[in-house]
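In mature numbering (1 follows the signal peptide of the UniProt record, and there is no 0), the protein residues as written are -17 to -1, 1 to 117.
Glycine included, C-beta positions come from ideal geometry on N, C-alpha and C.
This report concerns only the one structure given below.
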């Protein structure tokens, strides 16, 4: 009986596990570390990631409303996103956005940075930065 409960618990935990996002670094270009000594709270940064485009948490899967720029801010952290090409609008998916941030953090694991996410707009790529909240 105890074995069955353990087995069911193990299967349930695997069923609800999120897939691991693996990034190669090719998701971004031109990543530049700005201030590697800047202390940003990781929880604040994670909330700021999901705060772009008015919020992409929960069931929302992509940036909505076709904005020409957006910010995501929480506590110590602030993201700014702007399309590379004039006139383009942001339509980045939550998954692509999270992978771009994770890929930029391969180069700049701490502090502030600037980078370009490949794709995610109506006409190409977008620039983004992580900095201290204002």
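Quiz item: residue 59 and residue 104 look like a contact to me (Cβ under 8 Å); what is the Cβ gap, rounded to whole Å?
Solution: In fact, because the Cβ distance is near 27 Å, the residues do not count as touching under 8 Å.
Practice problem: Below 8 Å CB to CB, which residues in the same chain sit around residue 67 once its five sequence neighbours on both sides are set aside? | Solution: Sequence-distant partners of residue 67 (beyond 5 residues in either direction) whose C-beta falls short of 8 Å from its own C-beta, in its chain, are 99, 104, 107, 108, 109, 110.
Practice problem: Could you name the residues that DSSP lists as bridge partners for residue 11? | Solution: According to DSSP, residue 11 bridges with 100.
Quiz item: When the Cα of residue 64 is compared with those of 70, 11, 51, 40, which residue comes out closest?
Solution: Checked all of 70, 11, 51, 40; the closest Cα to residue 64 is 51.
Quiz item: In angstroms, rounded to a whole number, what distance separates the CA positions of residue 17 and residue 70?
Solution: Answer to the nearest angstrom: the Cα atoms are 27 Å apart.
Quiz prompt | Identified DSSP bridge partners for residue 113 | solution = Beta-bridge partners assigned by DSSP to residue 113: 62, 96.
Quiz item: So residue 25 is in the alpha helix (DSSP H); what residue range does that whole segment cover?
Solution: From DSSP, the alpha helix (DSSP H) with residue 25 extends over 25 to 32.
Quiz prompt | Buried/exposed call for residue -11, threshold 16 Cβ in 10 Å | solution = Confidence at residue -11 is low in this model, with a pLDDT of 33, below 50, so its placement is unreliable and no value can be given for it.
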